[in-house]
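Just so you know, the protein sequences line up as chains X and F, in that order.
Here the first sequence is numbered in the numbering used here, starting from 648 and rising by one per residue.
Here the second sequence is numbered in the numbering used here, starting from 55 and rising by one per residue.
Glycine included, every Cβ here is placed at the ideal spot set by N, Cα and C.
Right, one structure below, let's go through it.
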Amino acid sequence: MEITKDSTLEAWKATLELIRNKGIETTDRENRVSKEIIDVIIKINNPEQDITKPIEIMKGLKKWVYPELEELEDVFFKKQASSVYYYTYGARIFNYANTKNQVDDYIVPLLKKNPSTRRAIVVLYHPTIDSRLSIKEVPGLTSIYFKILDNKLTITTVIRSNDMFIGWPANIYQVYLLQKYVGKELGLETGSITTISHSAHVFEEYKEEVEEVLKKG
Amino acid sequence: MHIIEQRILNNFKKEPGREIPTTEIVRAVYPEEYAKIIRGMSDELSDKRLIQQARRKKGQLHRKILYHLGNLVKDDILKVTSIKGKGEKYFSLSIEEGELIIEKKHKKIVISKPSISTTLIEEYEDKGIVHKFDPDNWINKVNCILLESTKHTGLNSFYNLIYTCFSEVNDVLGLNNFEHLIQKSSQENVEEILKKLDIDTKDHERFVSLIINVKNIDDDKKVSDFIKSFAKINPKNVTLVFKTESKELRAHKTLFKTLISELSEAEIKINIHNRKVHNAPIIIGKAGPYTLLEEEWKEYEENIRGKTMGLVIANTTIAIDVNRFFSQTRDNQEFRSLIQRTAKTLLKVNTTQKKKANEYFKRLDELNKPYTKKFFAYAKNYIRFWNYDWREKQHEHILELLESTIQEIKKFCTTQQTIYRACGIPFNFNIVFSSVFRKYIQNLSTRRYIKTTIRKFKDYHTPEIIKFIETREKLFKIFEGGDRIRFFRSEEFVPEEVIREFTFLINTYELPLITYDFRERRGETKLTSFME
């Protein structure tokens, strides 16, 4: 399924509506019930105009503590692996396997050298670590693809398992920050963001809150 | 800025949240000189004169550092946070949070200390209802660590680890399967370590729980000798927990007779941990008891034990004075809201702690690499309750209220974990309820509680004692973070009687931790009496 919208909020709401109406009920190993659609593609043409809007709405619900923007940025850009978190996106992106800064040492120079390249991909999934039966925590974001189109830097990210209500607002903000960072290094404007969510789901326990969000103008 | 002051501040720059003792600062600022002094003092071949010389030199370095530390205190950059042991001063940054820019003679040092907003509970803190445990160190230290004795071949090497961990916790260390080292070591060595434990726990204001797994005892004589030494030294901040079941009480009857007679004579509490009811270790700290959930302990035993030095059991604790709360309002909904606010505060503390873990828990990381994540995997946050006596008319509803509130808190924790995981911040966040001990903090409301005194075995069959125990059984199910039931054992008895009472309690009730307190042994008491 594919959704294309101009703004982040529109894209989010359209996806929530789609899952509410067409999602198939599934139960996970922790007995949590959700509605799920496989392989949802969301393209936002101009995400910058309201990139933090879904996060603001989540915070406004006041039922939970939603991470601060600074916290979300920190976890995405911190190179050093954490001794207590099972993984961090920052370490996977900027210090993959303790050896590779995938952005500064690869993506940026590659796109500078060859703006039409199809090789500009960052991988967050680490099969040696993550493809083990005993591992409980595996990154949701598995890869990020950069492409220069019409002199703008676009980005496409693949998300293995995506809680579209709670997680997606943070995910889209985090990849946007990375898009901005690389765009600045290349001296380019940023363009669209596309997310490909293999399992796009919303837990039934947030049904009321999802309705509340959908009703908001 | 003086070079020594720069070096001192570099230590605080590395660990801005820590409270650092003078000795550690000396060691960091003068690493070579200090190493030489320690070699001189501990070298068996050094003669008396050389040892004295080394001591003098150590004193000189301390005075030098204290002069510079004094200057930094005068300039309001550092503050003395506590004085422990034989007058050792502990220092920390004078700012509570934010950025500290120190400029002195063209030298500039910027130190940043993270801020944690606790506005959600401040109102209740001001009213004396909510109390953080050790607020000065509540994000840079953990409350409780369990250390595995079986990982060590000797008491001395284990003691070095214990000593290192004193600066990583702010409440208690539990030494699991301590019988392993008792049986492996000489009586002199055991006694020497007990003396050290006594001094160092007092100096550092820390607690230690020695967990003796009776199942593993095969040398009753050695354990018996250990008990005698313990009773003689009577270390105030060290508790004994005997993890056992009724058939072991019979199998080790002579040992139990000795321990009951020795410990009761010295008025030392006996803690009986009923393994059949709860297998995970129970650790007794200053704040209260600590434990893990059964499934977590099983998982640890199957997958982690041996890989780490043990486990972090608790991160952070906040206590709630229930009596003081209900003396100001009768609103149950407000109580629930207070617990929610407390839970949100604990979450904020935890995320800050985790974010800064590489800085705060550097030593623990080094000691557990590459399994540090597993070492922290089961750490809980505690909400402890004080003065919640359900037997008082005004608190009759408290059990039901706590029972429904913990369900709400569990849901909150699950949701928060989902939110953080979905945002790429994968960590465990769990809150458990437990009780508070009086020594937690000075400013708790005065408790008028009914203490339960046992004079003879048949007292256990009186309706009021039966009701008391049965209610505690219910409470144990709510207090998943651990709880204890305490009986004051009065009047003269022979140890066999107490063994019979232990056996009865273990076989009859679902009580994980039974504490016998002998302080009233010689006094005239009623079955139940009030005490302040």
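Item                                                                                                                                                                                          : Value
Does the CB of ILE473/F have a neighbour CB from chain X at under 8 Å?                                                                                                                        : yes
Between GLY787/X and ASN761/X, is the Cβ-Cβ spacing less than 8 Å?                                                                                                                            : no
So what does DSSP say about PRO480/F, is it helix, strand or coil?                                                                                                                            : coil
Which residues bound the alpha helix (DSSP H) around LEU317/F?                                                                                                                                : 307–319
What does DSSP give as the partner residues of PHE542/F in its beta bridges?                                                                                                                  : THR507/F, ASP571/F
So which residues of chain F does GLN727/X contact, with C-beta pairs closer than 7 Å?                                                                                                        : ASN412
Among residues of its own chain, excluding the 5 on either side of THR673/X, which ones have a beta-carbon nearer than 8 Å to its beta-carbon?                                                : VAL680, SER681, LYS682, GLU683, HIS848
My assumption, with CB atoms under 8 Å, is that LYS428/F sits in contact with THR370/F. Please give the rounded CB distance.                                                                  : Not a contact, Cβ separation roughly 20 Å.
By Cβ distance below 6 Å, which residues in the same chain neighbour GLU578/F in space, the five residues on each side in sequence not counted?                                               : Since pLDDT at GLU578/F reaches only 48, below the 50 mark, its modelled position is unreliable, and the value read off the structure follows with that caveat. Cβ within range, chain order: n/a, list empty.
Among the candidates ASN678/X, LYS690/X, GLU657/X, whose CA atom is the shortest distance from the CA of LEU861/X?                                                                            : GLU657/X
Go through its chain and collect everything with a Cβ distance to HIS185/F's Cβ below 6 Å, but skip five positions before and after it.                                                       : ALA373, ILE495
Compare the C-beta of ILE479/F against all C-beta atoms of chain X and say whether one is closer than 8 Å.                                                                                    : yes
Does ILE813/X get closer than 8 Å to chain F when you measure Cβ to Cβ?                                                                                                                       : yes
Report the residues of the stretch 712–727 of chain X with a CB closer than 8 Å to any CB of chain F, ordered along the chain.                                                                : VAL712, TYR713, PRO714, GLU718, LEU719, ASP721, VAL722, PHE723, GLN727
For TRP440/F and SER240/F, what's the separation of their Cα atoms in angstroms?                                                                                                              : 42 Å
Tell me, please, whether the CB atom of ASP777/X is closer than 8 Å to any CB atom in chain F?                                                                                                : no
Going by beta carbon distance, what residues of the same chain come within less than 6 Å of TYR713/X, once the five residues before and after it are set aside?                               : MET705, LYS706
Which residues in chain F sit within 7 Å of GLU784/X, going by Cβ to Cβ distance?                                                                                                             : PRO480
I'd like to check one pair, GLU564/F with VAL331/F: are the Cβ atoms closer than 8 Å?                                                                                                         : yes
Short of 7 Å in beta carbon distance, which residues of its chain neighbour PHE481/F, apart from the five on each side in sequence? Order them along the chain.                               : LYS408, TYR474
Just to confirm the assignment: which complete alpha helix (DSSP H) runs, minimum length 4, are found wholly within the stretch 402–480 of chain F?                                           : 411–414, 416–422, 426–430, 452–476
Hey, is ARG402/F's beta-carbon within less than 8 Å of any beta-carbon in chain X?                                                                                                            : This sequence places Lys at residue 402/F; Arg is not what is there. Answer yes: the Cβ-Cβ gap between LYS402/F and chain X drops below 8 Å somewhere.
What number of angstroms, rounded off, separates the C-alpha of ASN267/F from the C-alpha of ILE337/F?                                                                                        : 13 Å
Taking only beta-carbon positions, decide if GLN241/F is within less than 8 Å of chain X.                                                                                                     : no
How big is the Cα-Cα spacing for LEU559/F and LYS282/F?                                                                                                                                       : 25 Å
Cα separation between LYS262/F and TRP711/X?                                                                                                                                                  : In the sequence under discussion, the amino acid at residue 262/F is Val, which differs from the Lys named in the question. The alpha-carbon atoms of VAL262/F and TRP711/X are separated by roughly 37 Å.
Looking at the structure shown, is PRO701/X part of a helix, part of a strand, or coil, going by DSSP?                                                                                        : helix
For the beta strand (DSSP E) holding LEU347/F, just list the boundary residues, first then last.                                                                                              : That residue, LEU347/F, is in no beta strand (DSSP E); it is neither H nor E in DSSP.
Figure out for me which residue from ASN194/F, ILE508/F, GLU350/F has the closest Cα to the Cα of VAL403/F.                                                                                   : ASN194/F
Quick one: residues in its chain with C-beta nearer than 7 Å to the C-beta of LYS700/X, no 5 flanking neighbours on either side, listed in chain order?                                       : THR655, LEU656
List, in order along the chain, the chain F residues whose C-beta lies closer than 9 Å to that of TYR792/X?                                                                                   : The contacting residues do not exist; TYR792/X stays about 18 Å from chain F at best.
In three-state terms, what does DSSP make of LYS660/X?                                                                                                                                        : helix
For a cutoff of 8 Å on Cβ pairs, would you count ALA476/F as touching chain X?                                                                                                                : yes
Helix, strand or coil, according to DSSP, for VAL712/X in the structure here?                                                                                                                 : coil
Please compile the residues from chain X whose C-beta is within a distance smaller than 7 Å of the C-beta of THR469/F.                                                                        : TRP711
Identify, in the order they occur along the chain, each residue of the same chain with its Cβ nearer than 7 Å to the Cβ of VAL769/X, setting aside the five sequence neighbours on each side. : ILE740, GLN749, VAL750, ILE754, SER790, ILE791
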